[in-house]
Amino acid sequence: MSFQATNELLKVIEVLKEKEWVDLTHTFGPESPHFSAFESAEFKTLFTHDEGFFAQQFTFPGQYGTHLDAPIHFVRNKRYLEDLELKELVLPLVVIDRSKEASMDNDYTLSVADVLEFESTYGQIEAGSFVALRTDWSKRWPNHDLFNNKDENGVAHAPGWGLDALKFLFEERNIKAVGHETFDTDSAIDYRKNGALLGEYYVLEQDTYQVELLTNLDKLPAKGAVIFNIVPKAKEASGFPVRSFALLP
Numbered sequence: 301m302s303f304q305a306t307n308e309l310l311k312v313i314e315v316l317k318e319k320e321w322v323d324l325t326h327t328f329g330p331e332s333p334h335f336s337a338f339e340s341a342e343f344k345t346l347f348t349h350d351e352g353f354f355a356q357q358f359t360f361p362g363q364y365g366t367h368l369d370a371p372i373h374f375v376r377n378k379r380y381l382e383d384l385e386l387k388e389l390v391l392p393l394v395v396i397d398r399s400k401e402a403s404m405d406n407d408y409t410l411s412v413a414d415v416l417e418f419e420s421t422y423g424q425i426e427a428g429s430f431v432a433l434r435t436d437w438s439k440r441w442p443n444h445d446l447f448n449n450k451d452e453n454g455v456a457h458a459p460g461w462g463l464d465a466l467k468f469l470f471e472e473r474n475i476k477a478v479g480h481e482t483f484d485t486d487s488a489i490d491y492r493k494n495g496a497l498l499g500e501y502y503v504l505e506q507d508t509y510q511v512e513l514l515t516n517l518d519k520l521p522a523k524g525a526v527i528f529n530i531v532p533k534a535k536e537a538s539g540f541p542v543r544s545f546a547l548l549p
C-alpha cells in the first residue's frame, strides 16, 4: 500500500470519528432476559488480581444478549458464522419506526403496507441495506416480565416482522439483512397462528444473517446511518453475541 493510500485511509478514519456513534448492543449477564428454552448465562471468575491476573469464564448459548444469527441457525447446509464475509457485516442502515403502533398493539406485525408507507416518506429502500424494525421493545430491558410480556393466561405478546413484508423486502427491494429489538423475527401472534417461526426461517433461508435484541434504534435516523456488526469468529457457530453499532450521517 502506498503512502498516499495510507494517508487517504487515515483521513477517512478522522472523518468517521467526527460522526456520532450509537451503540446498538445491550450489556448482558446471568440476570438478563433470554429465550425461554435456554438456561441463564454463567460468568465465573477463574483468577483474581490477588492471584496475579483477572480472568473469567463465560458460559452462554450463541443466541444470547444482542446477537447475530448465522443462516445455519435455522436452515441446513447454509453458512456458519465464520463464513460471513466482513463486508456483509457493514451495511447501509434503514430504520422502520413502528414504536407507536407496537405500544398500542403488543402483537403488532409489520406489513407490506407499512413498508410502502415508509417509502412514501423516505423514498425506496436501497438494495443491499440492513433494515431494522424499531418497536422500542428494547426499553423493557432488563426486566424479564416486561420483555416476555405474558398475559394472565401465560401467553406472550411481542411485535415483529410479517412474512409478506420480509418477502417484499428481500425479493422486491433486494435488502441484505434485518434486525429487531425482540427475541424473535416473527410477532408472537404470527408464531401462535403458524406454529413456527416462518419469518425467521425465511430470512435465514436467504443465506444471510439477522441481528436480534438490538437497542437504541430510537437514536437513529430513518436513513443515512451505517451499521457495523462486529462478532467473534467461533468455529462452526450458528450465532454469537455481537457488538452492533451505527455511525450517523
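As numbered in the numbering used here, residues 301 to 549 make up the sequence shown, in order. Heads up, the beta-carbon is just placed ideally off N, CA and C, and yes, glycines get one too.
Note on geometry: alpha-carbon atoms of LYS535 and ASP383 lie some 9 Å from one another. When secondary structure is reduced to three states using DSSP, ALA402 falls in the helix class.
A straight-line Cα-Cα distance of about 34 Å links GLU339 and LEU469.
Short of 7 Å from the beta carbon of GLU426, and not among the five residues preceding or following it, lie these beta carbons of its own chain, in chain order: PRO392. From the listed residues TRP321, PHE343, ALA402, the smallest Cα separation to PHE360 is found for PHE343.
For the set GLU417, GLU452, TYR408, the Cα lying nearest the Cα of ASP436 is the one of TYR408. Taking C-beta atoms under 8 Å as the contact rule, LEU520 and VAL395 qualify, at a distance of about 5 Å. Your pair SER411 and ASP464 checks out as a contact, with CB atoms roughly 7 Å apart and the cut at 8 Å. A Cβ-Cβ contact shorter than 8 Å links ALA432 with HIS480.
Here the alpha carbons of TRP321 and ASP445 stand approximately 30 Å from one another. Per DSSP, reduced to three states, the secondary structure at PHE470 is helical. For GLY539, the enclosing beta strand (DSSP E) covers residues 539–541.
Note that the C-beta distance between ASN448 and ALA456 is below 8 Å. Excluding its 5 nearest sequence neighbours in each direction, ASP397 has C-beta neighbours in its own chain below 6 Å: ARG434, listed in chain order. Within the same chain, LEU368, PHE540, VAL542 come within 6 Å of VAL531 by CB-CB distance, once the 5 residues on both sides are set aside.
Its Cα nearest to that of TYR501, the residue HIS373 stands out among GLY352, HIS334, HIS373. For the 8 Å CB-CB criterion, LEU504 and ASP484 do not form a contact. In this structure, the CA atom of PHE545 is about 5 Å from the CA atom of LEU324. Burial state of SER336 is exposed, judged by a 10 Å Cβ sphere holding fewer than 16 other Cβ atoms.
Bounds of the alpha helix (DSSP H) holding VAL503 are 498–505.
Taking C-beta atoms under 8 Å as the contact rule, PRO459 and SER487 qualify, at a distance of about 5 Å.
Non-local beta-carbon contacts of LEU517 in its own chain, meaning distances under 6 Å to residues more than five positions away in sequence, involve VAL395, ALA432, ARG434 in chain order.
One alpha carbon belongs to GLY524, the other to PRO330, and they sit about 35 Å apart.
The C-alpha of GLU308 is placed about 44 Å away from the C-alpha of PRO333.
About 6 Å separates the beta carbon of THR345 from that of GLN356, a gap short enough to meet the 8 Å contact definition. Annotation: THR421 is outside any beta strand (DSSP E); the continuous alpha helix (DSSP H) that includes it extends over 412–422.
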